[in-house]
Structure formats: structure tokens, C-alpha cells
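J.: For the sequence shown, this note's numbering begins at 2 and goes up steadily by one. Where is the CB? At the ideal position from N, CA and C, for every residue including glycine. For reference, the structure I am asking about is given below.
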Amino acid sequence: MTLQQARWAAQRVLFYAYMFFSLFTVIGGWITAPLMSYLFLGDWRFWRHLRLGFRLWLHMFGFLGRLIRWENHGFMFSLPIAAQPFSAPNRSIVQLSSNWESGSSCGGCSRCCDKIACPILDQERKLCTGYNSFFWRYFNCGRFPSVEREIDYYGCPKWVMRPSRLGSRVAVHPEPAADPGYEGLSID
Ligand code: SF4
């Protein structure tokens, strides 16, 4: 493991610890609101997002329930702890479906966000308000999709695995995306 990978791993471990602290103290996320706001929304000014913060707080408990029920078959944990953060899918792993007609845009689709009733999705503008935040880049959103189970779970009509990567695991340090840019969960 390189020094950089160790840094990414340490940041994820600290994030998990912070999430446990917030969940199990119930009020932990509120008394550290600037940090919570920064991690999920990329903005320390928590007072701008109080309503969203409340929905996110409720969502965290629902999300924990999904994990306990193993509803998503564990793909959330398919991401290695030391994996490079990403803001776009890795084109060496996935490609656009031949049936997809909106190019790199998600068109009017919000299926993946709707599936988990993500509170960060701006329903009116169909945009992710947490785009490029720490959570977005370090976990599954920014790099979505990275394993086949993810595509199946969300019913994503846009992406398919490259034939050579079917059934593969997420690479710790994958090749850079061939077409960098924003192509993930946010919808335009
Ligand atoms: S990434 Fe999400 S919003 Fe975009 S096409 Fe797939 S399911 Fe729909």
C-alpha cells in the first residue's frame, strides 16, 4: 500500500467512526453539524441546509436498516478501503449501454437516487446537491457503477459492465476514466 492509499484508507476509517458516533449518540451529527454538512454537501455552512440535514439524519437510520437486512447484497462493501476517490465511473470497467440514447447525461432518470429515497437529490432540478462532496468521491456515488450488482440493484438503464469485467471486484487503484467528467448519480 502506498502512502497515498494509506491516507485514503485512514480518511474512510475516520468517516466510518464519525458515522457510528453520529448514529449511536443520535445527536452527534447535530452537535457537529458543520462537519456533517461538509462531508455530505461540501459546505461547512450547515444553517443553509437544516431541512436537508434533518432528512439526511432520518435517512441514515433507514440506510442502516438496509445494511442490516443485507438488501443491497453487500456491494456497498465491495469498495476497498484504500481505493482512489472518483467523481466519475471508471470507463475501463463500465461502458454506456447500446440502448442508452442520452449520451453521458442521465437524461430524466433518477432511478438510483429514487431507489434509496436519497434525501440529497434535489427533486425539482433533478440534481444531486452533494455532488463532488467527500462522501460522493470516497464512496459509491461518484464512481457509480463499479460492480455489476450495483447496476442490477438500481436497475440503471445507462451503464453496463465491460464484458471483460463481468463479475470483477473494484480495483484499489483503477486506471483513470477514459472520459473524465461528471457522469454519475446526478441528473442533468
Ligand atoms: S446513473 Fe442513476 S440516474 Fe443515471 S441512468 Fe443510471 S439509474 Fe438513472
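Which residues does DSSP list as the beta-bridge partners of residue 14?
T.: The sequence position of residue 14 within the sequence shown is 13, counting from 1. Bridge partners of residue 14: none, in fact.
J.: Report the option in 156, 126, 118 and 97 whose CA atom is closest to the CA atom of residue 164.
T.: Within the sequence shown, numbered from 1, the residue matching residue 164 stands at position 163. It is 97.
J.: Using beta-carbon positions only, say whether residue 41 and residue 111 come within less than 8 Å of one another.
T.: By 1-based counting over the sequence shown, the position of residue 41 is 40. By 1-based counting over the sequence shown, the position of residue 111 is 110. No, Cβ-Cβ distance for residue 41 and residue 111 is not below 8 Å.
J.: Count the other C-beta atoms from every protein chain shown that fall within 10 angstroms of the C-beta of residue 174, then say buried if there are 16 or more, exposed otherwise.
T.: To locate residue 174, count along the sequence shown from 1; it is residue 173. Since pLDDT at residue 174 reaches only 46, below the 50 mark, its modelled position is unreliable, and the value read off the structure follows with that caveat. Exposed.
J.: In angstroms, rounded to a whole number, what distance separates the CA positions of residue 78 and residue 46?
T.: Locating residue 78 in the sequence shown gives position 77, where the first residue counts as 1. Locating residue 46 in the sequence shown gives position 45, where the first residue counts as 1. When rounded, the distance between both Cα atoms is 30 Å.
J.: Once you ignore the five residues that flank residue 131 on each side, which residues in its own chain have a CB closer than 6 Å to its CB?
T.: Within the sequence shown, the letter at position 130 stands for residue 131. Within the same chain, residue 131 has close Cβ partners 41, 42, 121 and 137.
J.: Consider the C-beta atom of residue 110 and the heavy atoms of ligand 1; say whether any pair is separated by less than 7 Å.
T.: By one-based count along the sequence shown, residue 110 stands at place 109. Yes, ligand 1 has a heavy atom inside 7 Å of this Cβ.
J.: Go ahead and pull the three-state DSSP assignment for residue 6.
T.: Within the sequence shown, residue 6 is the residue found at index 5, counting from 1. Residue 6: helix per DSSP, three-state reduction.
J.: Can you list the beta strand (DSSP E) stretches of 3 or more residues lying completely in the region 83-170, in chain order?
T.: Within the region 83-170, the complete beta strand (DSSP E) runs of at least 3 residues are 95-97 and 160-162.
J.: To the nearest angstrom, report how far apart residue 19 and residue 142 are at their CA atoms.
T.: Here residue 19 corresponds to residue number 18 of the sequence shown, with the count starting at 1. Here residue 142 corresponds to residue number 141 of the sequence shown, with the count starting at 1. Roughly 19 Å separates the two Cα atoms.
J.: Any chance the CB of residue 160 is under 7 Å from a heavy atom of ligand 2?
T.: Ligand 2 is absent from the structure shown, which contains only ligand 1.
J.: To the nearest angstrom, how far is the alpha carbon of residue 80 from that of residue 102?
T.: Counted from its first residue, the sequence shown places residue 80 at position 79. Counted from its first residue, the sequence shown places residue 102 at position 101. Roughly 29 Å separates the two Cα atoms.
J.: Are the CB atoms of residue 65 and residue 24 within a distance shorter than 8 Å?
T.: Locating residue 24 in the sequence shown gives position 23, where the first residue counts as 1. Locating residue 65 in the sequence shown gives position 64, where the first residue counts as 1. Yes, these two residues count as a Cβ contact at 8 Å.
J.: Please look up how many angstroms separate the CB atoms of residue 147 and residue 91, rounded, as I've assumed it's under 8 Å.
T.: As a position in the sequence shown, residue 147 is number 146, starting the count at 1. As a position in the sequence shown, residue 91 is number 90, starting the count at 1. Right, their Cβ atoms sit about 7 Å apart.
J.: For residue 48, does the count of other Cβ atoms within 10 angstroms reach 16, so buried, or fall short, so exposed?
T.: Working through the sequence shown from its first residue, we reach residue 48 at position 47. So residue 48 ends up on the exposed side.
J.: In the DSSP assignment, the alpha helix (DSSP H) including residue 61 goes from what residue to what residue?
T.: As a position in the sequence shown, residue 61 is number 60, starting the count at 1. Run containing residue 61: 51-69, per the alpha helix (DSSP H) assignment.
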